[in-house]
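The next block holds one structure in the form of structure tokens; read it before the comments.
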Ligand SMILES: CC(C)(COP(=O)(O)OP(=O)(O)OC[C@H]1O[C@@H](n2cnc3c(N)ncnc32)[C@H](O)[C@@H]1OP(=O)(O)O)[C@@H](O)C(=O)NCCC(=O)NCCS
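Residue numbers (full-length UniProt numbering): 1 to 180.
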């Protein structure tokens, strides 16, 4: 436990402020873009992409709110399977015949990681996907082991080879069936 040592200094520096997930609003978008640029410098997306996802499917958009500002975000929406959207591309609309729930991104600021924030929001997104037979995503940065914890399996063989281009060399398409 942290406490005051000699000279009034904290023996253990305090960790980041508490943070909690809440629904995203349009007011979050500028902070979100800044955070996305910090977390994904090699996979940039335009502000218009985040704006569009929020306007098309707000029920799939969450932010991790901390005292110092945004500490993470999660974005998901329905798609037609197996057609992951290209990176940094507008959808135009949610397909009427969408048959999968797509996790566009789950991202937590480095200083807030390792506190189960991602786990919490992934559970929430899995609940939100209950009406769809499957959930899918593009794993980047070697995060496949993280996604396997939630029951996702590599299904990269199900997508056209060019579908993942732009997501980096280690991109994997992953799928989890929604239990009945
Ligand atoms: C992946 C990410 C969202 C995890 O966020 P987080 O809040 O730190 O995750 P949690 O605290 O809920 O992690 C739970 C567990 O997953 C593990 N984990 C986290 N990142 C992992 C990774 N890249 N590969 C394998 N395991 C990982 C943690 O070690 C932890 O395991 P433990 O129970 O053994 O301690 C975060 O590292 C991140 O934002 N990374 C950059 C963006 C990114 O890769 N997003 C996913 C895009 S597909």
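C-beta: ideal position from N, C-alpha, C; glycine also.
Remember, it's a predicted structure, so these values are computed and weren't measured experimentally.
According to DSSP, residues forming a beta bridge with residue i
| i | result |
| --- | --- |
| residue 20 | 65 |
| residue 153 | 175 |
Heavy atom of ligand 1 within 6 Å of residue i beta-carbon
| i | result |
| --- | --- |
| residue 117 | yes |
| residue 141 | yes |
| residue 146 | yes |
| residue 175 | no |
| residue 71 | no |
| residue 114 | yes |
| residue 163 | no |
| residue 107 | yes |
| residue 126 | no |
| residue 185 | Residue coverage of the chain in this structure runs from 1 to 180, which leaves residue 185 outside it and unanswerable. |
| residue 39 | yes |
Beta-carbon proximity check, residue i vs residue j, cutoff 7 Å
| i | j | result |
| --- | --- | --- |
| residue 57 | residue 29 | no |
| residue 52 | residue 90 | yes |
| residue 74 | residue 106 | yes |
| residue 35 | residue 64 | no |
| residue 134 | residue 175 | yes |
| residue 100 | residue 136 | yes |
| residue 76 | residue 19 | no |
| residue 78 | residue 163 | no |
| residue 138 | residue 81 | no |
| residue 132 | residue 178 | yes |
| residue 87 | residue 166 | yes |
| residue 54 | residue 24 | yes |
For residue i, the first and last residue of its enclosing alpha helix (DSSP H)
| i | result |
| --- | --- |
| residue 165 | No alpha helix (DSSP H) holds residue 165; DSSP gives it neither H nor E. |
| residue 159 | First-last for residue 159: undefined, no H or E at that position. |
| residue 111 | Looking at the DSSP string, residue 111 is not in any alpha helix (DSSP H), and its letter there is neither H nor E. |
| residue 125 | 117-128 |
| residue 144 | 144-148 |
Extent of the continuous beta strand (DSSP E) to which residue i belongs
| i | result |
| --- | --- |
| residue 105 | 100-108 |
| residue 135 | 134-139 |
| residue 175 | 172-177 |
My parser needs the beta strand (DSSP E) runs of 3 or more residues fully inside the stretch 27-84; what are they?
61-66 and 69-79
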